Every structure is written in structure tokens, then in C-alpha cells.
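Worksheet: one structure, shown below.
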Amino acid sequence: MKIKKLPPEVISKIAAGEVIENPASCVRELVENSLDAGAEEISVEIKNGGIECIVVKDNGSGMEKDEIPLAVSRYTTSKIEKIEDLEKKITLGFRGEALHSITAVSRLTIISSVDESGEGWKGEFSFGEFMGLKPSPHGKGTTVVVENLFENLPVRRKFLSGPKQEARRVYQELVNYAFWFRGISFRFRDNEKEKFYLPANQSLEERISAILGDEFRDSLWEVYFEREHIKIYGFVSKPDYLKGSAVNQVIMINGRRVKHDGIRKAIYRAYNQGERHPSFILLMEVNPSFLDFNIHPQKKKVKFSKGLRIFEKVYMAVSETLAKEKKNIGTSIAIERGVYSHGRDRFQMVVSEPKNERQGEQLEFGEVSVKSELQPQYEYTPQNIWQVHKSYIFAQTKNGIIIVDQHAAHERILYEKLKNKDYSSQTLLFPIIVELTNMEASIFEEYEDLFKAFGFEFRKLRGSSVIIDKVPSIFKKITKDFIRELINSLEDTELLPEKFDSFLKTLACKAAIKFGDSLSQDEMVALLDQLFASQNPFFCPHGRPTIYRITLEELEKRFGR
Ligand code: ADP
Ligand code: MG
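See below:
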């Protein structure tokens, strides 16, 4: 290995900045160096959250005697020579300033050997000063010891959190690498206690189970998606396991964990979610020429070039998985149970009875879904159904009751009808004339086709008025204000899938029955049946629950029986 000074034009291309912020960022840089050195085993040990001491040991290529001090001087790296390399390289770090930055703020020791002779060299550095080299026994690989972090910068040190929290950050950092580099074994010790040992060559699934538990693993579905320039692999929550808060959301791109709002939004969008939170561990391999990591000094952010259309790719990857898995569940349950043929015919509309496995497989997504698994618990008797406060429907089930939010339920039904184009267009007896503001008129112009696609027919008048002649048949009544609201819902979303979806949601919301609308027995039954026939009956398109179930068991508990 040759260590060289970076040419000045490369230096200027790389945004300089603070690299070392806390023990975790220090560990990140050291682990990346170990990975870049081709290590197969990496062990990390910290004391007092890493503030007192961090030790990172690897069995990588090691460094020669003279390379040790050179590695620590600024802008020295063995990883790039020319600017073009910046674009090609998928290596983790190539800024040539990590060791330099670390030694500036700590007592740094590097012991390294390039072979199995057992002999190596130890270089010692103290707060920016080189203290000398001496022979030291070491197997092939490198051990880096960082002590007394920020001792020379009391203000920076004061900004560190307590040892427990700093240790948690280190742990999180290592877990990220463990997810990505599954061929490499990782060990982590915190205050002399072993936190994990992950053997080499585990699958992502095994690592998720080992780190986050089997139960969590069981709440996930596997994602695999490959297109030109991008591969997305990992696990996402099953739709029934969404949570009230955002936990275990990991996005890694080319070996690095990043935060990226667009990607996150795309995932939520695939679930049609705004309020409940999926967990996900998604690993993406992206052609590096579509990426820029060096916009952030700690490489936590990444910029995608437009050509990649990352939003769309992520959205597709997750929604394809959800669709495929829902279909699988529906199919297997249908086959197992003979499709509710044991039950009443209330659910027959969900799926026609497949006679054999093949036919089951051919069912279109949308006919059967994850709800099938749960459906028997929601089977109700149509004779025992009540509307309460003109808002909620109570129905008796085999072992309890269900309560349904009539508006949310209808929203869900209409949303799916719209999505599946399962409605016609109806002519208005009295066409509606809407006067639009300039802003509204320009939005409307841009999205005329969208309105047409959903069954609106209209004529444009001089100025900025339109006459609406036909509307989708899902509407019982339609007003000027509603048309304006629809147009405005298109204004502030930026990307196409989102626009399309927010348009659907607004349509569904406006057309749905409201709180305060009274319903007849037949209407209630129709509403519940259609709800259960939808793909995702448990949540309205905005992510609020539609159904609340109380079992007899629960009631008995409440009454102390
Ligand atoms: P960069 O990683 O950007 O090259 P660093 O300051 O992190 O810059 O490291 C400087 C150089 O030191 C690396 O390019 C590499 O040659 C060498 N080095 C650092 N850590 C290790 C290690 N664990 N094993 C082998 N070589 C290392
Ligand atoms: Mg480095």
C-alpha cells in the first residue's frame, strides 16, 4: 500500500469540516478505516462512553512502520489519487483527515503489523504531537487506541452527553455497519461487558434477529428490488405492525447510514401512511456516480442526482413488497381455510373460492389481502348492528364487538374505489361554475388531465372560470368549495406519486359520509361489507384507524369477572 499526499485540487473538492464530534463519530472513522483495510474481524471496546478510551482492533492489511506517522498527517490517504476516483470509489472514507483530526483532540496510539510475524510497530501521538515509534508485538492488522477525547478542548468536552448516551451512540453506529457488512464479524464491549458478538457471514435476517430480537424480525417482510443503477434490499414492517412512533428506521446507502427525508416519505407513501410509523432496515446499493456524500462532513447526508429518481424507486420497492406479501398471505389463507366457505357468505365478495392452488396464485392483488388473516375475528352478525351518535357503528362479533368510525371507513372504501378505477362518471343536473384565482387557474391548467382521468368533465370559460359538467359517481353532492379545495390540494406537493395520492385522498375524504349523517341498517351493513372487502380495512387513507375491536375477554376483565 502506498500512502500519498492528496493533490491540492482534490483537497479543495472535498468539503472540509469537523469530522470528530463525539466518541461515536470517532468510532465510525476508525471502523471505516478497518473496513477499508480489508478486515474480516473488527472489535470495538469503549470505556466511559468512549470518552475515557476507545479501542478498535482489526485484522486488516496493517501499516508499515513509516506509514504510521504518515497516516496521521493531514490529507494523507492511500485511497485516492485523482479527482476522477472520487466519483468511482465506493470505499467508505477518502478524505485523509480522520486520523489527523482524532490525534488533534486526543491521545492516539496506533499499533500495526503487515504480516503474521508477530512483530509490529507502535506509534504514539498526543494532542497533535508525534511522540515516536517503537517496536511492539501485534498480529496482522491494526489496533487504534484513542484516550482522553477532547481533554485539550474543555468546551467541546462539555458538549458531550453522559457516558450512557455516548455509549448508545457508539452501539448504534456499530449496528449500522453490522447490517451492511455481514461478511465481517463484529464484537462490541462497553465497560468490559460484551454487548454483542456477531460471527462473520450472517444473513441480514440473522443480524436483525441477533440485534433486535426474533419478535421484531417476525414483524417484518423482506424487500428485494433491482433496477439499473440501484438495488434495494432489506426488511419493512408488515402493515399490521405499524407503530405510534418512528423506531428502527434504518436507511443505508453504499455502506453508510443516512437520513433522507425523501426516502422516508416514499416509504410512508407506500403504506399510505401519515400517522402510524413503519420500521425499516433498507440497504441500497447505488451506482456512485449518482451520489454525492461529501456534502456533509460526517457523511450522514447524501445527495442523489435527479436521473436516479430515488423517490420513485423506493416507493416502488416497498409497495411491490407489500402487494406481493399481502397476496401471499391472502392466497395461503384462502387455500388453508377453503376461503371462509365455513363461514357465512358475508365474505364471499372478498374472493371467489379458488378450487386449487394454481387458481389461488392467479388472484389479483387487491382481491385478497393481509386482512384475510384477521378477518374471522371481525365477522359480525348483520342483525346486531347499531349507529351511535350518528358517527360510530357498533356491531356484534363472535367473541366481542367492533366499533367502526363511519367517516374513516367510507373514506377507505372510496379511496380504494378511486385507486382501482371502480366507479363511473355522472352528469350533473345543474353544472357548477367555479371562478378560480390566478393561482388556482394555473394549477388547474397543469392538472387538467388528472381531473379528466378521474371522471371530471368540464369546459373552460374566458377569464379563469370553469364549468363542471360531470363528476365521479362516488359523489352524492358536490360544491364549488370542494372543487377549489381539490385544486389547492395539488399545489404544495412536489412529486408525482404524492400529488396523485393526495388528490385521491382529498376526493375520498370529500365524498365520504360524515359524522352526523344517519345510516339505515342496510347502509351500515353495506358499509361494513365494503370496508372488509377493501385491501386495507384497518386504516383510513390518512392513517387513522377505522375499526376498534373489544373482545368479550377484555370486557370480562373490565367487569372483574
Ligand atoms: P482516509 O481513511 O480518508 O484515507 P484516515 O486519516 O482515516 O484517512 O487514514 C489515513 C490512512 O491511514 C488511510 O488511507 C490508510 O492508508 C491508513 N490507515 C488508517 N487506518 C488503518 C487501518 N485500520 N488499517 C490499515 N491502514 C489504515
Ligand atoms: Mg478514514
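Numbering (numbering that gives the first Met the number 0) for the sequence shown: 0 to 560.
For glycine and all other residues, C-beta sits at the position ideal for the given N, C-alpha and C.
Here the structure is a predicted model, which is why all the values come from computation and not from measurement.
The way I'd put it, the segment 54–65 does touch the segment 131–145; three or more beta-carbon pairs between them come closer than 8 Å.
The beta carbon of G233 lies closer than 6 Å to those of V222, I280, L281, L282 in the same chain, with the five residues before and after it left out. Using a 10 angstroms sphere on the CB of T320, the tally of other CB atoms reaches 16 or more, which defines it as buried. Contact annotation, I442 with I467: C-beta distance approximately 16 Å; criterion of less than 8 Å not satisfied. Of the residues assessed, S111 falls on the buried side of the cut-off, its CB having 16 or more other CB atoms within 10 angstroms.
Shortest Cα-Cα distance from S72 to any of H99, F393, D65, R156 involves H99. Residue range 279–285 is occupied by the beta strand (DSSP E) that includes L282. Every alpha helix (DSSP H) of 4 residues or more that sits fully in the segment 511–560 is shown, in chain order, as 520–532, 551–557. Distances from the CB of L98 to the heavy atoms of the ligand ADP include at least one below 8 Å. A check of alpha carbon separations from K230 across Q248, I252, L219, F215 identifies I252 as the nearest.
If the five residues before and after Q164 are omitted, its C-beta is found closer than 8 Å to the C-beta atoms of G48, all from its own chain and listed in chain order.
DSSP places P375 in the helix class (H, G or I) of the three-state scheme.
When secondary structure is reduced to three states using DSSP, A394 falls in the strand class.
DSSP places P198 outside both helix and strand once states are collapsed to three, so it counts as coil. A straight-line Cα-Cα distance of about 14 Å links N247 and R168.
Burial is judged here by how many other beta carbons sit within 10 angstroms of a residue's own beta carbon; T545 has at least 16 and is buried. When C-alpha distances from V104 are compared across R156, P134, E415, the shortest belongs to R156.
In this structure, N253 has its CB at a distance of at least 8 Å from all heavy atoms of the ligand ADP. Taking H541 as reference, the option from R275, T102, Q376 with the minimal CA-CA separation is R275.
Distance from the Cα of V235 is smallest, within the candidate group R226, F187, C508, I250, for I250.
Residue state for L173 is assigned as helix, using DSSP reduced to three classes. Boundaries of the beta strand (DSSP E) harbouring L428: 424–434, taken from the DSSP string.
Relative to the ligand MG, D57 has its C-beta separated by 8 Å or more from all heavy atoms. When rounded, the separation of the alpha-carbon atoms in A322 and A265 is 15 Å.
Taken atom to atom, the span from the alpha-carbon of Y446 to that of E284 is near 35 Å. Taking the Cβ of A36 as the reference point, at least one heavy atom of the ligand ADP falls within a distance shorter than 8 Å. Restricting attention to E439, F514, I401, P277, the CA atom closest to the CA of S488 is found in E439.
DSSP places V154 within a helical segment (H, G or I) once states are collapsed to three.
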